[in-house]
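Trainee: A single structure is presented below for examination.
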Amino acid sequence: MTNVFYIGQLRYGEHRSIPEIHQRLESRGVGIAQRTVSDLLERYEELVALHLADEEHLQERLRRQGQVILSIDGMQPDVGTKYSGSSATVCQERCC
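Under this note's numbering, the first residue of the sequence shown is numbered 36, with each subsequent residue one higher.
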(Lines of atoms letter the chains of each structure in order from A and count residues from 1; the text may use other names and numbers.)
(Lines give C-alpha, C1' and ligand atoms only; values in the text may rest on other atoms or scores of the structure.)
Protein backbone atom coordinates (compact mmCIF):
# COMPACT_ATOMS: atom_id res chain seq x y z
CA MET A 1 0.00 0.00 0.00
CA THR A 2 2.94 2.32 0.67
CA ASN A 3 3.95 2.21 -3.00
CA VAL A 4 0.41 3.15 -4.05
CA PHE A 5 0.53 6.32 -1.94
CA TYR A 6 4.09 7.08 -3.03
CA ILE A 7 3.02 6.81 -6.68
CA GLY A 8 0.08 9.13 -6.00
CA GLN A 9 2.36 11.65 -4.29
CA LEU A 10 4.82 11.60 -7.19
CA ARG A 11 2.06 11.98 -9.78
CA TYR A 12 -0.13 14.60 -8.14
CA GLY A 13 2.22 16.16 -5.60
CA GLU A 14 5.29 16.45 -7.82
CA HIS A 15 3.56 16.21 -11.24
CA ARG A 16 5.79 13.35 -12.39
CA SER A 17 4.98 11.28 -15.49
CA ILE A 18 4.49 7.51 -15.41
CA PRO A 19 7.98 6.87 -16.88
CA GLU A 20 9.52 9.21 -14.27
CA ILE A 21 7.65 7.45 -11.46
CA HIS A 22 8.74 4.08 -12.81
CA GLN A 23 12.36 5.21 -12.91
CA ARG A 24 12.14 6.63 -9.36
CA LEU A 25 10.73 3.34 -8.03
CA GLU A 26 13.40 1.29 -9.75
CA SER A 27 16.12 3.56 -8.35
CA ARG A 28 14.73 2.74 -4.88
CA GLY A 29 15.07 -0.98 -5.58
CA VAL A 30 11.42 -1.65 -6.40
CA GLY A 31 11.30 -4.06 -9.35
CA ILE A 32 8.10 -3.05 -11.13
CA ALA A 33 6.80 -2.85 -14.69
CA GLN A 34 5.75 0.53 -16.06
CA ARG A 35 2.26 -0.86 -16.73
CA THR A 36 2.00 -1.83 -13.06
CA VAL A 37 2.81 1.77 -12.11
CA SER A 38 -0.18 2.84 -14.24
CA ASP A 39 -2.39 0.22 -12.58
CA LEU A 40 -1.32 1.29 -9.09
CA LEU A 41 -1.98 4.94 -9.97
CA GLU A 42 -5.52 3.94 -10.93
CA ARG A 43 -5.90 2.22 -7.53
CA TYR A 44 -4.69 5.41 -5.85
CA GLU A 45 -7.27 7.45 -7.79
CA GLU A 46 -10.00 5.01 -6.74
CA LEU A 47 -9.00 5.33 -3.07
CA VAL A 48 -9.05 9.13 -3.32
CA ALA A 49 -12.47 9.04 -5.03
CA LEU A 50 -13.86 6.80 -2.28
CA HIS A 51 -12.53 9.13 0.38
CA LEU A 52 -14.01 12.18 -1.36
CA ALA A 53 -17.36 10.44 -1.85
CA ASP A 54 -17.80 10.06 1.92
CA GLU A 55 -20.59 12.64 2.28
CA GLU A 56 -20.52 12.64 6.08
CA HIS A 57 -16.80 13.41 6.04
CA LEU A 58 -17.32 16.22 3.52
CA GLN A 59 -20.17 17.81 5.44
CA GLU A 60 -18.15 17.80 8.68
CA ARG A 61 -15.15 19.33 6.94
CA LEU A 62 -17.28 22.06 5.35
CA ARG A 63 -18.87 22.81 8.74
CA ARG A 64 -15.41 23.25 10.29
CA GLN A 65 -14.18 25.42 7.40
CA GLY A 66 -17.30 27.57 7.33
CA GLN A 67 -16.92 28.23 3.61
CA VAL A 68 -15.76 26.69 0.35
CA ILE A 69 -14.08 28.30 -2.63
CA LEU A 70 -14.96 26.67 -5.92
CA SER A 71 -12.22 26.67 -8.51
CA ILE A 72 -12.48 25.17 -11.98
CA ASP A 73 -9.06 24.65 -13.51
CA GLY A 74 -8.57 26.18 -16.93
CA MET A 75 -11.45 28.64 -16.77
CA GLN A 76 -10.63 32.32 -17.00
CA PRO A 77 -13.14 35.13 -16.51
CA ASP A 78 -13.92 37.38 -19.45
CA VAL A 79 -11.87 40.57 -19.50
CA GLY A 80 -13.59 43.28 -17.48
CA THR A 81 -15.99 40.88 -15.75
CA LYS A 82 -16.07 40.88 -11.97
CA TYR A 83 -15.88 37.49 -10.26
CA SER A 84 -19.09 36.43 -8.57
CA GLY A 85 -18.86 34.15 -5.54
CA SER A 86 -22.31 32.68 -6.24
CA SER A 87 -20.94 29.29 -7.36
CA ALA A 88 -19.12 28.84 -4.06
CA THR A 89 -22.19 29.92 -2.11
CA VAL A 90 -24.47 27.50 -3.98
CA CYS A 91 -22.04 24.64 -3.41
CA GLN A 92 -21.77 25.41 0.29
CA GLU A 93 -25.54 25.52 0.74
CA ARG A 94 -26.05 22.36 -1.29
CA CYS A 95 -23.32 20.35 0.46
CA CYS A 96 -24.23 21.37 3.98
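From the three backbone atoms N, C-alpha and C, an ideal C-beta is built for every residue, glycine too.
These numbers come from a predicted model, not from an experiment.
Assess contact between the region 63-73 and the region 87-107, defined as three or more Cβ pairs (one per stretch) separated by less than 8 Å. Is contact present?
Mentor: no
Trainee: Count the other C-beta atoms from every protein chain shown that fall within 10 angstroms of the C-beta of R46, then say buried if there are 16 or more, exposed otherwise.
Mentor: buried
Trainee: Which residue marks the beginning of the alpha helix (DSSP H) containing R70, and which one marks its end?
Mentor: 69-87
Trainee: Using a Cβ-Cβ cut-off of 8 Å (strictly less than) and excluding sequence neighbours within five positions of R78, which residues of its own chain qualify?
Mentor: V39
Trainee: Here's the rule I'm using: 16 or more other beta-carbon atoms within 10 Å means buried, otherwise exposed. How should H57 be labelled?
Mentor: buried
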